[in-house]
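Numbering (UniProt numbering), first residue to last: 1 to 406.
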């Protein structure tokens, strides 16, 4: 389990490190904010989701541990290639390669965890795996800022990519495939990928979870892609201090939220499975004013403190929401269900979030400073937490109705 968490941590290091290096890359490659948004968002999201479904279907039928090991090596190698990019097009292709590799990780990992742990411990187990998100963000931001300041952004990509290739070899030898709780059907009786997706699309609970997670991902990815630029432009923090500050704020805040969300949901969900979405709904709603304050206050350390609270509250959903998905689908559909939800949340969240923030910022920059334009653009994302909370509250009834498989 710890190895999977470490793998997912590196997954997010390689995914997020570009955010803290964005300003340096922008200057050297002469990019606009919209192009930065494409690099951090849409280009990654498109290929991540397109390949995620067939890889997930493969994970429901074959060795999940082999898929994870190969995926780790692939995305780590492509992260190293990001450091060689000499143009927007080359960086775009390298980021696409990272996305292709990372698409094989989470669906297979979630399916493994669901076979390793009983239903009453799944939210905590999935929360532990999901700690890779804040831990990877912490390491990516802190080390990326420090290395980028001292050695340059290209060296940062190389140093981020090499450990993953070594970890891939360890995973290949160490990870063991468990016995599936429900054995796959013979090949002649297995459903096609299209028929499985059609079956999953009939689940109202799954749609509610997917849409709410997509809105929270749009908020999270949109903000994360430009937080480094925001604090550089508005608060003028130097890159090395900024990387450490954002790494600690997003990392520790995220760890607190993800871990607390899993523990509380496992306890509350014993009596009512709808608790798996009630807790995230409350958390995201309360997070809204803290996020607004973080972008409005003049004092940089107060801003970072408010951002830490908002990050913790907006991270409560990771373990509980994915645990809820595992409870409403058949065991031989779990990887596909996670991949389908990941497709929606990644296309909307990662695909649109950074690009949308970048486009609004570019449009506003014609009348105000680039810092104020970015502040306005980031503020536009904050109401999404309230909308997501409303959808999660609505999802309680269909989850109770569709709770069939443990």
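Every residue, glycine too, gets a C-beta built ideally from N, C-alpha and C.
Quick one: grab the DSSP three-state call for residue 207. helix
Between the alpha carbons of residue 16 and residue 328, how many angstroms are there, rounded? 31 Å
Segment contact flag, the segment 384-397 with the segment 266-281, C-beta cutoff 8 Å, min 3 pairs: yes
Let me know if residue 110 comes out buried or exposed under the rule of 16 or more other beta-carbons within 10 Å of its beta-carbon. buried
Go through the segment 101-183 residue by residue and report every complete run of the alpha helix (DSSP H) that reaches 4 residues or more, in order. 106-116, 122-130, 132-151 and 153-174
Member of 107, 103 and 264 whose CA lies at the smallest distance from the CA of residue 51: The candidate whose alpha carbon is nearest that of residue 51 is 103.
Under 8 Å, do residue 266 and residue 400 count as touching if we go by C-beta distance? no
Let me check understanding here. Comparing Cα to Cα, which of 374, 349, 355 and 350 lies closest to residue 361? 374
Segments assigned beta strand (DSSP E), at least 3 residues, entirely inside the segment 247-330: none
Three or more C-beta pairs closer than 8 Å, one from the segment 52-69 and one from the segment 79-98: is that the case here? A contact between stretches requires three or more CB pairs, one per stretch, nearer than 8 Å, and the segment 52-69 fails this requirement with the segment 79-98.
Cutoff 6 Å; reference residue 281; Cβ partners in own chain excluding five residues on either side: 389, 392 and 393
Is it the case that the Cβ atoms of residue 41 and residue 350 are separated by a distance below 8 Å? yes
What are the boundary residues of the alpha helix (DSSP H) that includes residue 67? It spans 64-82 - the alpha helix (DSSP H) in which residue 67 sits, taken as one unbroken run.
For residue 345 and residue 224, believed in contact at Cβ under 8 Å, the rounded distance: Actually they do not touch by this definition, with Cβ atoms about 14 Å apart.
Spell out a yes or no on whether the segment 242-249 and the segment 132-142 are touching, meaning 3 or more CB-CB pairs, one atom from each, closer than 8 Å. yes
Short check: CB of residue 222 to CB of residue 357, under 8 Å? Yes.
Are residue 371 and residue 234 touching if we call contact CB-CB under 8 Å? Contact flag set, yes.
Can you name the start and end residues of the alpha helix (DSSP H) that residue 402 belongs to? Following the DSSP letters along the chain, one finds residue 402 inside the alpha helix (DSSP H) bounded by residues 396-402.
Considering just the uninterrupted stretch of the alpha helix (DSSP H) at residue 364, what are its terminal residues? 351-364
Alpha helix (DSSP H) containing residue 194: first to last residue? 193-201
Unbroken alpha helix (DSSP H) run spanning residue 334, endpoints: 334-345
Exposure label - residue 301; buried when at least 16 CB within 10 Å: exposed
For residue 381, does the three-state DSSP call read helix, strand or coil? It is coil, neither helix nor strand.
Hey, how far is the Cα of residue 218 from the Cα of residue 11? 19 Å
At least 3 beta-carbon pairs within less than 8 Å: the segment 68-77 vs the segment 254-264: The segment 68-77 is not in contact with the segment 254-264.
Rank 29, 332, 192 and 264 by C-alpha distance to the C-alpha of residue 154 and give the top, closest one. It is 29 whose Cα lies nearest to the Cα of residue 154.
Nearest-angstrom Cα distance between residue 192 and residue 152? 48 Å
Cβ neighbours of residue 58 in the same chain (closer than 8 Å, five flanking residues each side left out): 67
Indicate whether residue 18 and residue 148 have their beta-carbon atoms separated by less than 8 Å. no
With DSSP as the reference, label residue 10 as helix, strand or coil. Helix at residue 10.
Environment of residue 134 [buried if 16+ CB atoms lie within 10 Å]: buried
Return the chain-ordered list of same chain residues with a C-beta closer than 6 Å to the C-beta of residue 306, the five sequence neighbours on each side being excluded. 290, 293 and 294
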